[in-house]
Every structure is written in structure tokens, then in C-alpha cells.
Amino acid sequence: MVSFTTICTRLRSIANLKSMRPLLLAALLPLTAAAGGCKDASPRTASVADPQPGAVFATVGEAGDAAAEAIAFTMGTYVQIKAEAASQEQAERALQAALRELDRLSAIVDRFRPDSQVSLINSHAGDQSWVEVSPDIISMLQTARQVAEKSGGAFDPTIAPLVDLWGFVEAAGESGPESDGGQEAASHEGVGKVGPTHIRGHKPPAAASIAQLLPLVSYKDVEIDEAGGRVRLHRPGQALDLGGIAKGYGVHQVARILRQHGVIRALVDLGGNIYALGTKADGSPWRVGIQDPRDPGGIIAVVPVTDAALSTSGDYERYFEYDGVRYSHLLDPHTGWPARDVLSVTVITPDGALGDALSTAAFVLGRDRGLALLESLPDVEGIVVLPDFSVRITSGLAGKVEVVGRGRLDSGTTPAGGEEE
Ligand code: ADP
Ligand code: MG
20 MVSFTTICTR
30 LRSIANLKSM
40 RPLLLAALLP
50 LTAAAGGCKD
60 ASPRTASVAD
70 PQPGAVFATV
80 GEAGDAAAEA
90 IAFTMGTYVQ
100 IKAEAASQEQ
110 AERALQAALR
120 ELDRLSAIVD
130 RFRPDSQVSL
140 INSHAGDQSW
150 VEVSPDIISM
160 LQTARQVAEK
170 SGGAFDPTIA
180 PLVDLWGFVE
190 AAGESGPESD
200 GGQEAASHEG
210 VGKVGPTHIR
220 GHKPPAAASI
230 AQLLPLVSYK
240 DVEIDEAGGR
250 VRLHRPGQAL
260 DLGGIAKGYG
270 VHQVARILRQ
280 HGVIRALVDL
290 GGNIYALGTK
300 ADGSPWRVGI
310 QDPRDPGGII
320 AVVPVTDAAL
330 STSGDYERYF
340 EYDGVRYSHL
350 LDPHTGWPAR
360 DVLSVTVITP
370 DGALGDALST
380 AAFVLGRDRG
390 LALLESLPDV
400 EGIVVLPDFS
410 VRITSGLAGK
420 VEVVGRGRLD
430 SGTTPAGGEE
440 E
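The following block contains the structure:
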């Protein structure tokens with residue numbers, strides 16, 4: 020049992036909480052049970068189950084009064100931050116600053132906010148005019164271009180027209196098709212949507228419509244004027260969607276701000292993009308559970324993480340089924356169709372934005388080319404879950420990943436404990 024103060028200033032209604040990822044729901048149950056706990060600013064104690072299904076299952080440690088926890092809705096998803104500093108006040112100030120940063124980012128990257136910088140870039144597509152943007156957008160676009168190049172275009176930040184055609188975004192809106200359990204999906208806010216969401220009554224678009232839009236998807240048409248801090252899209256109809264990278268950038272910024280505010284250890288979960296700052300109180304790494312792609316409450320692997328981001332792209336976050344086939348929100352920019360080779364890809368790397376984009380890229384590339392890409396990059400590790408629940412890992416994780424539940428480590432890779440350092 021660990022003592023936290025809970026900051027939930029912008030926690031939305033209980034109804035909204037129901038649509039959040041089960042991972043956070045588990046953590047939130049004690050909060051919702053304490054009716055009015057969020058209005059009452061007095062410190063309270065939240066018990067953090069260990070292990071916590073589908074999530075980070077380590078506590079901040081014997082932190083006593085120097086730890087604080089925040090839960091909020093931002094960037095179209097829920098964020099949960101637990102942080103420890105020299106004092107509780109310091110930890111709380113750090114959390115407030117982190118939440119402000121996420122709100123700031125959400126306002127500039129959300130392509131459904133007409134006044135966001137991404138919307139502005141999209142609305143000027145093809146008209147030659149440059150749009151002045153913040154260094155954050157430049158940085159995300161640079162990382163996006165780097166990952167697009169390295170993945171042969173499997174990651175492409177101009178995927179927006181296809182995402183819209185497939186309706187993965189429309190479905191999140193108020194008038195969209197039903198999602199699982201009749202839960203309300205989040206409104207058109209943010210760069211990613213609250214999931215997991217099984218969209219009902221959807222079918223793939225006509226092949227002719229896909230073929231028509233496919234040529235618009237081309238990362239090479241994103242012009243970045245680094246010195247001038249300006250961006251433009253080359254052709255009319257093109258549009259940016261930073262949903263595959265912005266949350267990773269967000270957790271990275273949160274980690275930076277927490278450190279600036281004197282936080283010594285923290286766990287950040289921004290809609291499945293995790294950052295593990297420092298170590299547990301006993302000096303051992305955080306242990307992060309990777310969700311079983313077919314069981315929202317289950318874990319398929321456990322991995323130690325310290326001072327790094329962990330990002331997962333899975334076919335269970337947002338999808339629909341048609342004629343017995345699952346179509347997920349992760350689209351192959353070369354075909355215009357959802358990628359279907361693997362169930363999930365998790366990337367662990369110190370750079371959150373890079374990890375986020377790489378998890379999407381590796382998912383689209385599939386088991387062989389995806390793992391090969393991750394293997395080729397320094398300071399990047401990955402875990403791929405295949406449809407038969409076998410788990411493949413990059414060589415740097417050999418002996419470190421514990422495969423649990425129905426998962427089984429693919430032959431050829433080394434199980435935990437099999438190769439001690
Ligand atoms: P999630 O946001 O569900 O956690 P990802 O980080 O993998 O998962 O991002 C998925 C989002 O990225 C999609 O909702 C869509 O906005 C965008 N996207 C889909 N396919 C691609 C792609 N091939 N390249 C870049 N972005 C993509
Ligand atoms: Mg991603």
C-alpha cells in the first residue's frame with residue numbers, strides 16, 4: 020500500500036470513465052468509489068494493486084508523503100501519472116505542469132479542432148502558403164519523416180484521408196456506430212481516441228475509393244522549413260494525422276517536465292504510451308505488463324523498463340469486423356488496407372515519439388520486416404505478438420522479457436532467466 024494524493028481536477032463524468040481503457044479503469048475504481056473525492060482536494064490514499072492487469076504493475080515505492088498521482092482526460096485519451104519528488108507539494112506541482120503541457124499539445128496537434136496548427140496546415144494543403152507552427156510540430160514531423168524513410172513508407176503522417184475513408188475516426192463521434200458494450204466513445208477530441216473500441220455495422224470502403232485516395236498519402240509531400248518554423252503540404256486534399264506519434268511525443272514531454280520539477284521516479288500512462296522514469300524505490304527497474312491483444316484484462320508479457328518509453332500498437336484498440344475479418348485502424352499506406360500480420364507491436368526506447376511512430380511502422384511492416392527494422396536501430400527494443408500468441412522479441416531483450424498467460428516465447432529467442440547478465 021502506497022500513499023498518494025490524487026489530483027483529478029479535470030476528471031470528467033463517471034460516464035466517460037466507463038469508456039476508458041480497462042487498464043486505467045482498474046486503477047480508477049477506488050477513485051470512483053470515493054464519491055466526491057475529486058472535488059475534495061484533501062489528500063487520500065489509493066491502493067495500487069500489484070500486479071495490475073494489463074498495465075504497469077509496480078507501485079511508486081515506499082514513497083510515503085512525497086508521491087502524488089494525477090488522472091485526467093487529455094489528447095483524446097486518459098492519462099495517469101504517478102510521481103515521487105522530495106516533497107508532496109513538489110510532486111503535485113510537477114503533475115500540474117505535466118497536465119498543462121499535455122493540454123497545450125492537444126490544442127496544437129488535434130486535427131479535429133479547427134484552430135489547431137495541424138488543422139491549419141491541412142486547410143492550406145496545396146495552396147502554396149506556409150503555416151507557422153510550434154517547435155513541437157516540427158519535431159514530430161521530423162521524427163515522422165525519419166520513421167517513414169526507415170520503414171519504406173509503412174509509417175506515413177499523411178494517412179488522414181484514408182483514416183477518414185475507413186471511418187475509424189467518424190466512428191468515435193457522437194453519431195458514430197455503436198462500440199462495445201454500448202459505451203460512448205470519446206467525442207472528436209484529441210489525436211487518438213479512447214479505446215479499445217469495437218465499431219459495429221462497418222464495412223470496408225469500395226476499392227475504387229481507396230484507389231482514389233491512395234496517391235494523396237505521401238510523406239514526401241510534407242515540406243518542413245526548419246529554420247523558419249513553417250510547414251506546408253504539397254497537394255490539395257492531403258492532410259496530416261499525427262495520431263501515430265503525438266502521444267509518444269506527449270509522454271516524452273511529460274517525462275522532461277517531471278524531471279525539471281525534481282521528480283525522481285514516475286510512471287506515466289498516456290493512452291497506452293508509457294514512460295517509466297527512474298527506477299522503483301529499491302533501485303530495480305519498473306516492470307511493465309504488455310496487454311494480451313485478445314483479453315483486455317490480461318497480460319501476455321512483462322518487461323523491465325527504466326528511463327524509457329514503451330509504446331504499443333495493437334489491432335484491438337479500434338477495429339471492426341466484417342465477414343469474419345478484423346479490420347483495425349492501423350493502415351498500410353501502400354495498399355490502403357489495414358495491416359493484418361500481427362496482433363500487436365510494443366517498442367521500448369528512450370525517445371517517446373520515435374517509439375510511438377516505430378510501433379505503428381513495425382505493426383504495418385509485419386513480423387519479419389517489422390522486427391528487422393527494430394533490430395536495426397540503436398537503443399530500440401521490441402516485442403511482437405503473433406496471431407497464435409507466440410511472442411517475438413529483439414535480441415536486446417533476450418533473457419529480460421517474461422512471457423506469461425497464454426503467450427509463449429517464439430523459438431529462437433531466449434526466455435527470461437535464460438541469459439543472465
Ligand atoms: P493508438 O493511437 O491506437 O495507441 P498508434 O500509436 O499505432 O495506436 O496510432 C494509430 C493511429 O495512427 C491511427 O489511429 C491513425 O490516426 C494513425 N495511423 C494509422 N495508420 C498509420 C500509418 N500507417 N502511419 C502513420 N499513422 C497511422
Ligand atoms: Mg504509434
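Numbering-wise (my numbering), the sequence shown opens with residue 20 and increments by one.
Glycine included, C-beta positions come from ideal geometry on N, C-alpha and C.
Distance cut-off 7 angstroms: residue i Cβ against heavy atoms of the ligand ADP
i	result
Thr379	yes
Val404	no
Ala372	no
Pro180	no
His221	no
Val137	no
Gly290	yes
Leu393	no
Cβ neighbours of residue i in the same chain (closer than 6 angstroms, five flanking residues each side left out)
i	result
Ile276	Ala116, Ala117, Glu120
Arg425	Phe408
Val188	Val182
Ile156	Gln136
Gly145	Arg254, Pro255
Val366	Ser330, Gly374, Leu377, Ser378, Gly401
Val273	Ala117, Val287
Cut-off 8 angstroms between Cβ atoms - residues of its own chain near residue i, not counting five sequence neighbours on either side
i	result
Trp305	Val75, Ala77, Leu286, Ala295, Thr298, Lys299, Pro323, Val324, Thr325
Val383	Ser170, Ala173, Phe174, Leu349, Leu350, Asp351, Pro352, Ala358, Gly389
Met94	Leu121, Leu124, Ser125, Val128, Asp129, Gly209, Val210, Gly211, Ala265, Lys266, Gly269, Leu289, Gly290
Ile319	Ile309, Gln310, Asp311, Pro312, Val404, Phe408, Val410, Val422, Val423, Gly424, Arg425, Gly426
Ala54	Since pLDDT at Ala54 reaches only 28, below the 50 mark, its modelled position is unreliable, and no value is offered.
Proximity to residue i [Cα-Cα], best of the options
i	options	result
Ile218	Glu88, Val344, Arg359, Ala85	Val344
Leu160	Ala227, Ser237, Gly302	Ser237
Val321	Ile100, His253, Ile402, Pro315	Ile402
Thr368	Gly418, Asn292, Pro406	Asn292
Ser158	Val361, Asp244, Ala258, Leu428	Asp244
Pro397	Lys419, Arg132, Glu103, Asp370	Asp370
Pro234	Thr354, Val364, Ala391	Thr354
Leu184	Ala258, Val250, Val150	Ala258
Bounding residues of the alpha helix (DSSP H) (the contiguous stretch that carries residue i)
i	result
Ala179	179-185
Ala295	Taken as a continuous stretch (DSSP letters only), Ala295 belongs to no alpha helix (DSSP H), being part of the beta strand (DSSP E) at 292-296.
Leu252	Element bounds for Leu252: not the alpha helix (DSSP H) but the beta strand (DSSP E), 249-252.
Cβ-based neighbour list, residue i, same chain, cut-off 7 angstroms, excluding 5 preceding and 5 following
i	result
Gly186	His221
Ile415	One point to set straight first is that residue 415 is Gly, not Ile, in the sequence displayed. Cβ within range, chain order: Glu400.
Asp429	Ser409, Val410, Arg411
Residue i Cβ short of 7 angstroms to the ligand MG heavy atom set
i	result
Ala328	no
Ala265	no
Asp429	no
Asp375	yes
Where the beta strand (DSSP E) through residue i begins and ends
i	result
Gly308	305-311
Asp244	241-244
Gln99	96-103
Bridge partner(s) assigned by DSSP for residue i
i	result
His280	For His280, which the question treats as bridged, DSSP gives no partner whatsoever.
Leu405	According to DSSP, which records beta bridges pairwise, Leu405 is partnered with nothing at all.
Ile218	Phe339
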